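A short worksheet on the structure shown next.
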Amino acid sequence: MRLVKNLGYALGLPVLLILLWWGYTLVSSNFYVPEPGEFVTTFADVWFGERFFDDVLPSIGRLLAGLVLSILLGVVAGLVIGSVRWLRSLLEPVLEFFRAIPPPVLVPVLMLLIGVNDQMKVVVIVLGSVWPVLLNTIEGVRSVDPVMTETARSYGIDGWSRFVHLVIPAAGPQMMAGIRQALSIGLILMVISEMFASSSGLGFTIVQFQRSFAIPEMWSGIAVLGLIGVVLSFVFQRVERKVLAWYRGLKEVENAG
Amino acid sequence: MATTRAGRSWGPAALGALGILGFLATWEVLPLTGLVDPRYLPPASEVLAELGAQFLSAGFWLAVWQTVRAWFLGLLIAAVAAIVLGLVIGTSAVLRRATHTTIEFLRPIPSVALIPLAVLLFGVQLESTLLLVVYASFWQILIQVLYGVADVDTVAQNTARSFGLGRFARVRYVTWPTALPYVITGLRLGAAVALILAVTAQLVIGSPGLGREIALAQSGGAVSAMYAFVLTTGLLGVLINMAMRVLERRALAWHSSVRGEVAV
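Here it is as structure tokens:
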């Protein structure tokens, strides 16, 4: 009974929305709104075939490459910059400025500097999504509890083990918050870089559909992008729960107390 | 955070200025050494001179105004919708459970996926920019409002109820003050995302504003103008971030001592 109720809560609204959509297409024939049945068959036709290998997988590959690079770069540079006070003061204004630049404007800039190719698209993703990781890591390292820092020092914990046992765990929650922002920016940039300058990839394909007024196909492309976003955020939540399990536990104890 | 920073001497500020100068110097020298083709990356002085020239042109300020207008209108619509919906959904347990899956599904959809739709519906108008801006910033704010409403102290809520406060009064005097810090965090995040999407829409769709100027300058080969516009979007972003921090400090003056930075 409980299960049925939970299921009802989880699926009630989505089912209702789909029914509304279906009902709407029954009473009116809006050119821009395909029927649900038509949408599903189009989705299967368009994306379960060679397009999956030609457009979807390369796009996802570039996205993942860019994200992994920017997380590595952001975390390593952030740990270094965050630990050295004068370096942090020196670089912070410049970094804040770079973060404030809306990353998609880098697409035309990098088209000039690198040209239109795969490297350019990965670099766009890295240059856009590295800032939240980097700045959040710096902030996380900066705000390590001074008592812990002093304790670690008096126990003679320094060098490498200080990073592994004190700094990285303490900055973890901030880092993960930065990485979450990086995921959504990376996805945006994957699409933009392909819409702007490409002859393949998801972004390109969707714009192509729109230009040729292939409306159900366009909607199916939007759905694919949505699914990628949903899967990314689901995977991230799983990883975050694993990595920050201790932090959640700590917060719960603190809130209860 | 502000007080500790101001408490330290002028050292960090001077170092920061030095950092900016160093960055500009590197940018100036890089094209001269030939490591980067100066046709594609003009030296800093050239771009800054171009930016100065742009400051005197009416077209430049029109583009800035169009971008700021799209940013502001989009953020305003998203904020009003998200706050109202967030309060309604958040204060009802049934609604909160019933909407959970739908929100979690719709939220991660990248708003740029809506670009083709915006083009079809509105063409190269302000409205297509607004569609993207509103969609992107709406979720940021809504999620924070929901967190904030969920954070309401049960004792305070029950006390208000036993004092006979009605539903509206409870929202006004108990829920809203609790949720306000979260709302402000949502606004700050939403403001940054809104600018990104405003410029992106102009860049890709070609609706009027700074983004379109960048695309035009790039395709027209006006390289230093393109960099000048890119710098302008960055400056705009810094200004918006600063404005949101001021707003945060103003709105939470009564509260900021209690509140740590909300992790998002």
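For the protein sequence lines, the chains are A and B, in the order given.
The first sequence begins at 1 in the UniProt record's numbering and counts up by one.
The second sequence begins at 1 in the UniProt record's numbering and counts up by one.
By construction, the Cβ of each residue, glycine as well, lies at the ideal position given by its N, Cα and C atoms.
As the structure is a computational prediction, the values presented were derived from the model and not from experiment.
For Gly164/B, which of helix, strand or coil comes out of DSSP? DSSP places Gly164/B in the coil class of the three-state scheme, outside both helix and strand.
Close beta carbons around Leu106/A, own chain, < 7 Å, minus the five adjacent residues each side: The beta carbon of Leu106/A sits closer than 7 Å to the beta carbons of Val124, Leu127, Gly128 from its chain, once the five residues preceding and following it are set aside; these are given in chain order.
What is the C-beta distance between Gly186/A and Ile206/A, in whole angstroms, given that I count them as a contact (C-beta under 8 Å)? 17 Å between Cβ atoms; not a contact.
Please list, in chain order, the chain B residues whose beta carbon lies closer than 7 Å to that of Pro102/A. What Pro102/A touches in chain B: Leu195, Ile196, Val199, Thr200, Thr233, Gly237.
Decide if the segment 177 to 193 of chain B is in contact with the segment 206 to 222 of chain B; the criterion is three or more beta carbon pairs, one per stretch, under 8 Å apart. Using a Cβ-Cβ distance cut-off of 8 Å, the segment 177 to 193 of chain B and the segment 206 to 222 of chain B are not in contact, since fewer than three pairs of beta carbons, one from each stretch, lie closer than that value.
Are Leu132/B and Ser111/B close, meaning C-beta to C-beta below 9 Å? Yes; because the gap between Cβ atoms is below 9 Å, this pair is in contact.
Which chain A residues sit within Cβ distance under 7 Å of Arg97/B? In chain order: Tyr9.
Chain B within 9 Å of Gln119/A, Cβ atoms only: Not one chain B Cβ lies under 9 Å of Gln119/A.
Kindly list, in the order they appear in chain A, the residues whose Cβ is closer than 7 Å to that of Phe23/B. Near Phe23/B (Cβ distances below 7 Å), the residues of chain A are Val94.
Can you check whether the C-beta of Met1/A is within less than 9 Å of a C-beta belonging to chain B? At a cut-off of 9 Å between beta carbons, Met1/A makes no contact with chain B.
What does Val119/B touch in chain A if you count any residue whose Cβ is under 9 Å from its own? Chain A residues near Val119/B: Val207, Gln210, Arg211.
Between Leu239/B, Ala53/B, Ala225/B, Arg250/B, which lies nearest to Tyr40/B when the distance is taken from Cα to Cα? Per the C-alpha coordinates, the member of Leu239/B, Ala53/B, Ala225/B, Arg250/B positioned closest to Tyr40/B is Ala225/B.
Within 10 angstroms of its Cβ, does Leu16/A collect 16 or more other Cβ (buried), or is it exposed? It is exposed - the Cβ of Leu16/A has fewer than 16 other Cβ atoms within 10 Å.
Would you kindly report the start and end of the unbroken alpha helix (DSSP H) that includes Pro216/A? Element bounds for Pro216/A: 215 to 243.
From the beta carbon of Glu50/B, is the nearest beta carbon of chain A less than 9 Å away? Chain A, which has no Cβ nearer than 9 Å to the Cβ of Glu50/B, makes this no.
DSSP three-state label for Gly78/A, please. Residue state, collapsed to three classes: helix.
Reference Phe69/A; option with closest CA among Ile179/A, Val224/A, Ser154/A: It is worth fixing the name first, because residue 69/A is Leu in this sequence and not Phe. The residue among Ile179/A, Val224/A, Ser154/A with its C-alpha nearest the C-alpha of Leu69/A is Ile179/A.
Using 8 Å for Cβ pairs, my map puts Gly190/B next to Ala78/B. What's the rounded Cβ distance? Yes, Gly190/B and Ala78/B are in contact; Cβ-Cβ is about 6 Å, under 8 Å.
Starting from the C-beta of Ala70/B, find all residues in its chain whose C-beta is less than 8 Å away, skip the five residues before and the five after it, and write them out in chain order. Excluding residues up to 5 positions away in sequence, Leu126, Thr129, Leu130, Val133, Ala198, Ala201, Gln202, Ser207, Gly209 lie with their Cβ nearer than 8 Å to the Cβ of Ala70/B in the same chain.
Where the segment 219 to 239 of chain A meets chain B: residues whose CB sits under 7 Å from a CB there: Along the segment 219 to 239 of chain A, the positions whose C-beta sits under 7 Å from a C-beta of chain B are Ile222, Leu225, Gly226, Gly229, Val230, Leu232, Ser233, read in chain order.
In terms of residue numbering, what span does the alpha helix (DSSP H) encompassing Ala150/B cover? Counting along the chain, the alpha helix (DSSP H) containing Ala150/B begins and ends at 126 to 150.
Tell me, please, whether the segment 213 to 220 of chain A touches the segment 29 to 48 of chain A by the rule of three or more beta-carbon pairs shorter than 8 Å. The segment 213 to 220 of chain A, when compared against the segment 29 to 48 of chain A, does touch it at the 8 Å Cβ threshold.
Quick check on the DSSP output: what are the complete beta strand (DSSP E) runs of length 3 or more inside the segment 70 to 117 of chain A, in order along the chain? Entirely contained in the segment 70 to 117 of chain A, not one beta strand (DSSP E) run reaches 3 residues.
Do the CB positions of Leu95/A and Gly22/B come within less than 9 Å of each other? Using a Cβ distance threshold of 9 Å, Leu95/A and Gly22/B do not count as a contacting pair.
Secondary structure at Asn136/A, three-state DSSP: helix, strand or coil? Annotated three-state conformation of Asn136/A is helix, per DSSP.
Buried or exposed, going by whether 16 or more other CB atoms sit within 10 Å of the CB of Leu250/A? Taking every protein chain shown into account, the CB of Leu250/A has fewer than 16 other CB atoms within 10 angstroms, so this residue is exposed.
Could you tell me whether the Cβ of Tyr227/B comes closer than 9 Å to any Cβ of chain A? Closer than 9 Å to some Cβ of chain A, the Cβ of Tyr227/B qualifies, so yes.
Can you give me the Cβ contacts of Phe98/A inside the same chain, cut-off strictly under 7 Å, excluding the 5 residues immediately before and after it? The answer, listed in chain order, is Trp131.
State the DSSP-derived secondary structure class of Phe209/A, mapped to helix, strand or coil. Look at Phe209/A here: in three-state DSSP terms it is helix.
Proximal residues to Thr99/B (C-beta, below 8 Å), its chain only, five neighbours per side dropped: Result list for Thr99/B: Ile89, in chain order.
Thinking Ile196/B and Pro103/A are a contact (beta carbons under 8 Å), I'd like their distance in whole angstroms, please. 7 Å between Cβ atoms; contact.
List, in order along the chain, the chain B residues whose C-beta lies closer than 8 Å to that of Ser184/A? Simply Pro108, Pro110.
Counting only runs of 4+ residues fully inside the segment 20 to 63 of chain B, write out the alpha helix (DSSP H) ranges in chain order. Runs of the alpha helix (DSSP H) lying entirely within the segment 20 to 63 of chain B, each at least 4 residues long, are 44 to 55 in chain order.
Identify whether Gly178/A lies in helix, strand or coil by the three-state DSSP scheme. In the structure shown, Gly178/A adopts helical secondary structure according to DSSP, grouped into three states.
Roughly how many whole angstroms lie between the Cα atoms of Trp254/B and Ile60/A? Straight-line spacing of the CA atoms in Trp254/B and Ile60/A works out to 46 Å.
Since Gln144/B meets chain A, which of its residues come closer than 8 Å, beta carbon to beta carbon? Contact of Gln144/B with chain A by beta-carbon distance below 8 Å is absent, the smallest such distance being about 13 Å.
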